[in-house]
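A.B. asks: Numbering of the sequence shown is given in full-length UniProt numbering, commencing with residue 5 and proceeding in unit increments.
So that we are looking at the same thing, I have put the structure below in structure tokens.
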Amino acid sequence: TNQVAIVTGASRGIGRAIATLLALQGAQVVLVARSEDDLLEVAHKTNGLPVVADVSQEADAQLVVAEALNRYGRLDMVVCNAGVGSFNLLENFEEAEWDRMFDVNVKGTFLLCKAALPHFKEQRRGHIVGIASDVSKRTFAHGTAYGASKYAQHAVLDALRKEVRPHGIKVSVIYPGLVDTHFNDARPGAPEKQLTHLQPLDVAQAVRYVLEAPAHVVIDELMLHPTTQEW
Ligand code: NJP
């Protein structure tokens, strides 16, 4: 198909896998992240449009949607995937680190949805996909800030679903467990992580699945874990 998708956090990890899979399926992908070099590499491999942007800035979110419409003349879906996380005891968190997680994970999701909605409403069609987390629905020690931000991202998308369904717009949220990426400064690709973690492609295939639902079906939520994850 010639569908157009915006994917945030497309420079590496899950977002890169989503963009790559959607491009393989024939979509035009608009690739969003702050790291220009990585984005250009993904753009080269996917024939996508790189837009260097910070999802936590409203002007950037508006620019991303405008660039998509300028370049391709259409917009069918947005994937709110960009996210950051770090883990610590509550008393050891710096205020700036708390703010960073909320800025990217919650405000970033809000701002891209806000930017895309006028267009989706006008065409009475559109699909918003959020990459939340299994910890959007349960808490864990050292995860006060990240967990709160992912609960909040889930709440934004869950409430938004109720606002936009009458306009023909779908909201699907993916809740992955551990994924082998650069998340929290990890180094992906260690052989043992094939047992303990999902691969980015596993999450990308879940995204493809929700996007391929027929017009009369919306998959609201999809949670996936590595079989070895106990919590
Ligand atoms: O992480 P990573 P993942 N503006 O670090 C981008 C969720 N999740 O793929 O800007 C724009 O490899 C960053 O690009 P750059 C998680 O919460 C993960 O694992 O160049 N983009 C990069 O492309 C998140 O929502 C796990 O630094 C910004 C990407 O985000 C999503 O999965 C488990 C940005 C991060 O790539 C993808 O994370 C789970 C900004 N301000 C949920 N800040 C897991 N990995 O275990 C960051 O439950 N990015």
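A virtual CB, placed ideally from N, CA and C, is assigned to each residue, including glycine.
I'd like the ranges of any beta strand (DSSP E) spanning at least 3 consecutive residues and lying wholly in the stretch 127-210.
C.D. replies: As far as the stretch 127-210 is concerned, its whole beta strand (DSSP E) runs of at least 3 residues are 130-135, 173-180.
A.B. asks: Pick helix, strand or coil for Ala37, following the three-state DSSP scheme.
C.D. replies: Here Ala37 sits in strand by DSSP.
A.B. asks: How is Pro54 classed by DSSP in three states: helix, strand or coil?
C.D. replies: Correct three-state label for Pro54: strand.
A.B. asks: Helix or strand or just coil, what does DSSP make of Glu225?
C.D. replies: Glu225 falls in the strand class under three-state DSSP.
A.B. asks: Please name the residue or residues paired with Thr12 in a DSSP beta bridge.
C.D. replies: Answer is Val36.
A.B. asks: Would you mind reading off the limits of the beta strand (DSSP E) that contains Val83?
C.D. replies: 81-84 is the extent of the beta strand (DSSP E) around Val83.
A.B. asks: From which residue to which residue does the alpha helix (DSSP H) around Gln66 run?
C.D. replies: First-last of the alpha helix (DSSP H) with Gln66: 62-76.
A.B. asks: Just to check my reading of the structure: Val33 and Thr50 have Cβ atoms closer than 8 Å, yes? What is that Cβ distance to the nearest angstrom?
C.D. replies: Val33 to Thr50, Cβ: 5 Å. Contact.
A.B. asks: Give the DSSP-derived three-state secondary structure of Gly87 in the structure shown.
C.D. replies: The answer is coil: DSSP assigns Gly87 none of H, G, I, E or B.
A.B. asks: Determine the DSSP secondary structure at Trp102, reduced to helix, strand or coil.
C.D. replies: Trp102 falls in the helix class under three-state DSSP.
A.B. asks: The ligand NJP heavy atoms versus the CB of Arg12: any closer than 7 Å?
C.D. replies: Reading off the sequence, residue 12 comes out as Thr, not Arg. Correct: Thr12 has its Cβ closer than 7 Å to the ligand NJP.
A.B. asks: Exposed or buried, what is Asn188 when buried is set at 16 or more other beta-carbons lying within 10 Å of its beta-carbon?
C.D. replies: Under this definition Asn188 is an exposed residue.
A.B. asks: Return the chain-ordered list of same chain residues with a C-beta closer than 6 Å to the C-beta of Leu161, the five sequence neighbours on each side being excluded.
C.D. replies: Excluding positions up to five away in sequence, the list reads Gly134, Val175, Val177.
A.B. asks: Please indicate yes or no: does the CB of Phe144 lie closer than 7 Å to some heavy atom of the ligand NJP?
C.D. replies: Checking the Cβ of Phe144 against the ligand NJP gives no.
A.B. asks: I need the boundaries of the alpha helix (DSSP H) containing Gly30, first residue and last residue.
C.D. replies: Gly30 -> no alpha helix (DSSP H), and no H or E assigned at all.
A.B. asks: Mind reading off the beta-carbon distance from Thr200 to Leu226? Whole number of angstroms is fine, and I expect it under 8 Å.
C.D. replies: Not really, about 21 Å apart at Cβ, beyond 8 Å.
A.B. asks: Can you give me the Cβ contacts of Val59 inside the same chain, cut-off strictly under 7 Å, excluding the 5 residues immediately before and after it?
C.D. replies: Excluding residues within five positions, the ones whose Cβ falls inside 7 Å are Thr12, Val36, Ala65, Ala86, Val108, Gly112, Leu115, Leu116.
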